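Since the structure comes first, as structure tokens, the remarks are kept for the end.
4 protein chains.
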Amino acid sequence: MCGVFGIENNENAAVMAFAGLITLQHRGEESAGISANGDGTTYNTYRSMGLVAHIFKERILNILSGKVAIGHVRYSTHSESTIINAQPFVYNCIHGTIAVAHNGNITNFEQIKNRLAKSGSIFNHTSDTEIVAHLLAENTGKTFGQIMKKAVQCLQGAFSLVLIQGNKLIGARDSFGFRPLVLGKVGKSYVLSSETSAIYAVGGNFIRDVKPGEIIVIEKGKIIESLQLAQKEKEKLCIFEQVYFSRPDSILRDRSIRDARVEMGKYLARQMKHIKADIVVPVPDTGIFSAKGFSMHSGIVMQTGFIRNHYVGRSFIKPSQKMREITAKLKLFPIRDVINGKRIVLIDDSLVRGTTAQKIVITLRNAGAKEIHFALSSPAVISPCFYGIDTPNKSKLIAAVKSVEEIREFLNVDTLTFLDINNMKKACGNGDVNHFCSACFDGKYPSPIDRKKLLA
Amino acid sequence: MCGVFGIENNENAAVMAFAGLITLQHRGEESAGISANGDGTTYNTYRSMGLVAHIFKERILNILSGKVAIGHVRYSTHSESTIINAQPFVYNCIHGTIAVAHNGNITNFEQIKNRLAKSGSIFNHTSDTEIVAHLLAENTGKTFGQIMKKAVQCLQGAFSLVLIQGNKLIGARDSFGFRPLVLGKVGKSYVLSSETSAIYAVGGNFIRDVKPGEIIVIEKGKIIESLQLAQKEKEKLCIFEQVYFSRPDSILRDRSIRDARVEMGKYLARQMKHIKADIVVPVPDTGIFSAKGFSMHSGIVMQTGFIRNHYVGRSFIKPSQKMREITAKLKLFPIRDVINGKRIVLIDDSLVRGTTAQKIVITLRNAGAKEIHFALSSPAVISPCFYGIDTPNKSKLIAAVKSVEEIREFLNVDTLTFLDINNMKKACGNGDVNHFCSACFDGKYPSPIDRKKLLA
Amino acid sequence: MCGVFGIENNENAAVMAFAGLITLQHRGEESAGISANGDGTTYNTYRSMGLVAHIFKERILNILSGKVAIGHVRYSTHSESTIINAQPFVYNCIHGTIAVAHNGNITNFEQIKNRLAKSGSIFNHTSDTEIVAHLLAENTGKTFGQIMKKAVQCLQGAFSLVLIQGNKLIGARDSFGFRPLVLGKVGKSYVLSSETSAIYAVGGNFIRDVKPGEIIVIEKGKIIESLQLAQKEKEKLCIFEQVYFSRPDSILRDRSIRDARVEMGKYLARQMKHIKADIVVPVPDTGIFSAKGFSMHSGIVMQTGFIRNHYVGRSFIKPSQKMREITAKLKLFPIRDVINGKRIVLIDDSLVRGTTAQKIVITLRNAGAKEIHFALSSPAVISPCFYGIDTPNKSKLIAAVKSVEEIREFLNVDTLTFLDINNMKKACGNGDVNHFCSACFDGKYPSPIDRKKLLA
Amino acid sequence: MCGVFGIENNENAAVMAFAGLITLQHRGEESAGISANGDGTTYNTYRSMGLVAHIFKERILNILSGKVAIGHVRYSTHSESTIINAQPFVYNCIHGTIAVAHNGNITNFEQIKNRLAKSGSIFNHTSDTEIVAHLLAENTGKTFGQIMKKAVQCLQGAFSLVLIQGNKLIGARDSFGFRPLVLGKVGKSYVLSSETSAIYAVGGNFIRDVKPGEIIVIEKGKIIESLQLAQKEKEKLCIFEQVYFSRPDSILRDRSIRDARVEMGKYLARQMKHIKADIVVPVPDTGIFSAKGFSMHSGIVMQTGFIRNHYVGRSFIKPSQKMREITAKLKLFPIRDVINGKRIVLIDDSLVRGTTAQKIVITLRNAGAKEIHFALSSPAVISPCFYGIDTPNKSKLIAAVKSVEEIREFLNVDTLTFLDINNMKKACGNGDVNHFCSACFDGKYPSPIDRKKLLA
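Protein chains in written order, with our numbering: chain V, 48 to 503; chain S, 48 to 503; chain C, 48 to 503; chain E, 48 to 503.
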């Protein structure tokens, strides 16, 4: 769960990266960083824990001079969530100075790290991103694109990378294309971004996806190299991007996230046509478009049933259990006269642990909900993700340990409906339903996974 | 534009005040403060610039011990927005130590201040709230309620006050009841709040409004005094509370804000029945319920046309013009495929300067909007507020200097519709349309106003 | 224990005040503040907890524009040492805006406060300085000097005040002249300061003491008024200034602090001529000049026996008991090969509680000191100060509750010698020994003291 | 210019390191860090810009749990003085996790870095310390001591290293022993430190110097290995440690720094016996003991001529030129009545650029000094240091570009005397004068130096 952004050939590269990162902030609220380079040698880098808008005050942006910049927002999946792991990382090596930012999760990280350690490498971070720098440093080639290709060839798992080397902005995506990476242009500057929304945010236009397995090297407003990783594999874009992770105004594989979600809602309505209800209520903000689709198809009116207090941020308060409980209640607040006495179709995007949903149901019951028909715009999450989404291990996935009926009882809802996996794929796929990774919903991992981790 | 909150007879008074203030945060994002007292003499007070959740970390709340607490959030209407004016204020005087927090604007402040200065008073703040403390200090009486009554009798304008004196929690509201103040109860503790939402936020129940002109004194879970200011005037609740200021889940004079806004939207739809449009798009977040009402009455489907980026807060970034422009664009982002090619009814709550609306229209035009029919769920703002809402002086109110047709041209919209003032009052009033102050819309000020200020 | 500084008619008034306050920092390390005014109405003020050099970064100084500035450093004598009491205070009143900074302690503070409270005054601070503003506000006069005279006439105890009113810089000193206040000039600007050292620090020249009971009003480089408080009393300058408080490069009543201390040491040597010792070791830094004097007269060589670690500041670390003990040991470190096997004359300035001296003796014993002859360059402190020095109440003054022999045993020293009170006065007085307040050494208070406080 | 400290087998390892670092703070005021390890795998590390006492608040120390800890204070010799280069560094490699802190300067750093880069290494820092980690990682051996020996064998220049590996505390010193490193013991814990003073500061006893070329490995209170680097070279301890750098209460090669400085002063007095003067005035704080020695031998009385304001720290204020000038003047303040009319022997430790000395002379002249005989307790600095002392390159060394007479004129002193190099060595050496590196004074570098750098 990270976001990356890069821009080149731009006088305001760091400010553009700042705007891009604010737009990608939902992809990681824990730390953020920007590295900029202009003259090919001096890299100006600033990383900190916290939100983009808090970190990058104007005086900071002013010192991040340089015409090429990359940025990163991060939500740690590990406990070691400290400043030392905030990206971009900047390294010196035989190829000069290189800055790198990474979205994804490299599944053969340990093996490569062990191999590198045996040959005398040292590791400054606990992050898997550092081995990308090691692999770059130990490979050679005629062009940086070729070096890059050799370096990432051995990586398994998910990676969408942006790098700076000298005046070059480089993008790379694993062969499955697990994590998104898109190319845009603003004026004479190319832009790389995790989502199209950030390209538009800086006033640019979306050009195309960086292809699965593509390595793209840009310099001074020109794409100077585009290489393809040797083994061409079937694209497997993470379907959780559509379900939850991406902004609704982003576009993935020519399909708007918003449209995909509206259609998920319509499919849900079809699955639930026997349900009698008075209103459809989305859990804000991710349930809104599915609820809209549900309402459109079912004819049941959609109502705003909750006020979300945006002043209660997770990054603002990291307190004791008592404080956490107090502030959690303040975040989502029911509108009593909407809820009271109603039969409600409650729509959320996905069910992972079930604990948040349980609290929302209690809130609705206390506000007088007569019936609650809980609908998820995705199937039950039954398997952990190894490609960069922060899902817990199996024992904590409620749908991995409980039956649907048991979950319904646990949540205390009248009915519980998961979106059928084929419906989900049809909604997201624009016809083609095979290019998605849906391992978290069906356990079918496109690439080899360490069985020990799977069973952990 | 402030919010006040008070609670008494409660072991966790400061934490409850914190929860209340987070719920009232929309009423003032500039500074916040809490003062707590338990033993009748030592007041523990903390005030700071910034957001409630940023200021009141757990270690701060832990030192704010005491069973009575009041809190305040503030948006300054003056340039002197510094920590010195953050409330609550705490004073020693002949009546012991008193903490006071104020929502409103006292219109005869200068006269009283001059009178006090001539008799030898000194002033530590530039705020009008300080004179309340002076007036309390120079009056005597058998009970604190009586002292309070004498003190505030001479005040003109708007005030909703909460105070602590010893173990007592005191509330007071001007005779017109310009600004709201409500009474609730949670367990054995009475609560005073600017809005009902904050009472529910702490798990309490709404009891009743503090009446216009009422002074209420509470001690150890009992209402020990309720006095009425001598001259009983017609209630004149600020109708801008319903239009924009209050949270939609709050209730004012037995009328839910949400219902009032939905009905405003219905009235708007009636006014605009001749308009042909494809979709209704609210400006988030205040236009949502009016848009819902418009859609319900007109049958035109409501769509989410904007993504609001909640990471872009006004309190986060206070930068140069350049930075302000960059971040302003990031705040509200159009969803292209919703907007493109559509005839749009755009709904916002009110039109003050017109500059923000102008930018939103440009955004919609750039996203491909075919027609824009701009509807405001309030009449044109033509006169400044002297009772605590931060409206600019007349020369900056677009509707005070331009005709509707001129505004329509300025905004570059196809049609422009303001909600009829009577429709607004009917929507807000539950039948009774005379108890509102609507001076900003019609220039009829319930209390005397300095003409020089009016013409400034 | 405070320091005050003022300068007028100067383009860099705040920077000059900053330089002055750094030079006076030893007089109060807890909080510091500067208030500047140029145009007669707008006062730019900044106060904070901490050290002058930490607080007044250049960006802060830059906003403190104005040609008249006063500054204050403070060491609280009360537990209420919070930012609210940091000076200068700035008030509005009938005379316009006034900034005030105060060194001293007003002994009839409670009586005056009660009188003011009864007549309806409110109090924002717990400090006695606030009543000066109240008294100014309730008095009138043809000139500000006359108002000032009326205001301070009723004050008992110690005060050295600097104020700004409009373009005027005002200084005032109580009739006894308990606390110092000197007048200097740099270029066309007059300077007021607690010590001459701060006048020299800003490149100025010392002119004269502000006389006991004098009120001096300066405007645009001219002394426009000099008034004398009605009752002319015998000057009683606090002799603790010479003993401990003032910088050695300051001059008080035409007598250099350094010379006074050297002579104290000579008198001590006379008193201890029977003592056989190898070396004289001062407790740094205040014992150094007395030790020098002792060595000069006795012929016993003076040695640096301790390294003082200036990185261990009291304001840096405010921790648990454990941390305090660790860092206390790091502050003063014995040089073993100086101490080991030696008969030592240990010289410190004064003995208050005896706890620090006890630790120093242990340190010396551990470093191998053979004999320790402890000499204090002042008599035993037997009575608390009510004029602004932070001495504890009687029960904690070791010499108030123990005999000299008991103290010697408590400290575990071979001999213990206090400087004879007459010798101290002779050393400080340049012949005239009657113009000192030595109440802390002899209990003779020049002005009436509340007996309850004395016996507390 | 750095200081290192290590302790093992201690429940309060981080607190002890904190106390040690405060005592070594004079060796580097720019950044500080502590890394602690207890269980052999998790290293708790905190590094920051600033002073030890500012950085390591109690809450920080509490999270630095572990029974082995090393610490580092640093004064950067490069412009890249940022947090990224604050030590200790912590790395993972084939030998597990290793923390390393370094005092010194590795002269063949570039060659080794180039060799490593060619073989695929990446570099996270600009510091030469990082290559120590690389060399450790690429070597193997039966014990960590053997690995360490292989790793540092190829290093040229100066290094005194402390490391943690698992439960082991390791110390290493280059074959010349340029920089000091001493071994002590407190209870059951061994201590390594740049200076003996820090051993005493934590309550320990000095045992012995770590020998030049020695690698010492300590685990659980036992020295488990002591290896000697192959080529045994003549010890060449940096004589600048005695002249200026070390604390006077430290002991180097069985010689107290204080005694060495006193004797330097005596030798100076012999060299200057023809000079007639009234007083000897040291530049505080480093000139004090030499001045004492001068006074003892010459019979000319030593006087404290300056007040040093310890509140003016270089780390506190990093401002514009104007602010720097203002605060520079505040740091050292002349005592007029000591200076005025006197013939003064002014004693400082060394002369590098001459700019500070020039200002001090102006100060003394302004304070009325009649004659100034300037004496340095070291020879003229004519060559840069490549072993870790921050001297500028030749063109900025005043004695490299001017004759003694030219310097005397530049400084505007009556006479100028440098301590004879042999006298300096005799004073420092306890008889043996050959074990010192005095390259900065005589240009004789014990190890090969890059001629380009020498001529830079």
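Cβ coordinates follow ideal geometry from the N, Cα and C atoms, glycine included. Everything numeric in this text was worked out from a predicted model, so none of it was measured.
- Any Cβ of chain E closer than 8 Å to the Cβ of F170 of chain V would place that residue at the interface, and such an atom is present.
- Where E76 of chain S is concerned, there is no enclosing beta strand (DSSP E), because DSSP gives it neither an H nor an E.
- Rounded to the nearest angstrom, the gap between the Cα atoms of A133 of chain S and M96 of chain S is 7 Å.
- Within chain V, T351 have C-beta atoms less than 9 Å from the C-beta of I335 of chain S, given in sequence order.
- The DSSP-derived three-state label of Q212 of chain E is strand.
- Secondary-structure assignment with DSSP links Y138 of chain V through a beta bridge to V:I145.
- Chain S places a beta carbon closer than 8 Å to that of Y138 of chain C, counting this residue as a contact.
- Taking C-beta atoms as the reference points, R74 of chain E and S241 of chain E count as a pair closer than 8 Å.
- Burial is judged here by how many other beta carbons sit within 10 angstroms of a residue's own beta carbon; R308 of chain S has at least 16 and is buried.
- Annotation: G234 of chain S is outside any alpha helix (DSSP H) and is labelled neither H nor E by DSSP.
- In the DSSP assignment, V359 of chain V falls outside any beta strand (DSSP E), carrying neither H nor E.
- When the Cα atoms are used, F465 of chain E and P426 of chain E turn out to be separated by approximately 5 Å.
- DSSP, reduced to helix, strand and coil, places K313 of chain S within a helical segment of the structure shown.
- For D395 of chain V, the enclosing beta strand (DSSP E) begins and ends at 390 to 395.
- Looking at the DSSP output, I265 of chain S bridges to S:L216, S:I270.
- Taking each of E:K378, E:K376, E:G340, E:K443 in turn and checking the Cα distance to L393 of chain E, the smallest one comes out for E:G340.
- In the structure shown, D467 of chain S adopts coil according to DSSP, grouped into three states.
- When the beta-carbon positions are compared, E55 of chain V and L216 of chain V come within less than 8 Å of each other.
- Put simply, the segment 156 to 176 of chain E touches the segment 131 to 150 of chain V. At least three CB pairs are less than 8 Å apart.
- Closest by C-alpha distance to P295 of chain E, out of C:K197, C:K283, C:I382, C:I419, is C:I382.
- For a cut-off of 8 Å, the C-beta gap from I110 of chain V to K196 of chain V is around 34 Å, too long to register as a contact.
- Around the Cβ of V448 of chain C, a 10 Å sphere holds fewer than 16 other Cβ atoms; the residue is exposed.
- Of the candidates V:G80, V:A100, V:G251, V:G80 places its Cα closest to the Cα of H119 of chain V.
- Taking a beta-carbon distance threshold of 8 Å, H357 of chain S counts as an interface residue toward chain V.
- Per the DSSP secondary-structure output, Q275 of chain C pairs in a beta bridge with C:E261.
- The closest CA to that of I304 of chain V, considering only V:T243, V:T89, V:I354, V:G250, is found on V:T243.
- Ranking V:L458, V:T462, V:F457, V:C432 by CA distance to the CA of K491 of chain V puts V:C432 first.
- Using a Cβ distance threshold of 8 Å, I326 of chain C and I354 of chain C do not count as a contacting pair.
- Along the segment 144 to 170 of chain C, the positions whose C-beta sits under 7 Å from a C-beta of chain S are A164, K165, G167, S168, I169, F170, read in chain order.
- When E:K320, E:P135, E:I69, E:G50 are compared, the shortest CA-CA separation from K104 of chain E is found for E:I69.
- For R294 of chain S, the chain V residues whose Cβ falls inside 8 Å of its Cβ are I354, in order along the chain.
- Only residues of its own chain outside the window of five on either side were considered, and among them G312, K313, A316, R317 have a CB closer than 8 Å to the CB of H344 of chain C, listed in chain order.
- Within the model, the alpha-carbon separation for V328 of chain V versus D395 of chain V is close to 9 Å.
- With distances taken between CA atoms, S112 of chain V lies nearest to V:A64 out of V:S337, V:A64, V:C201.
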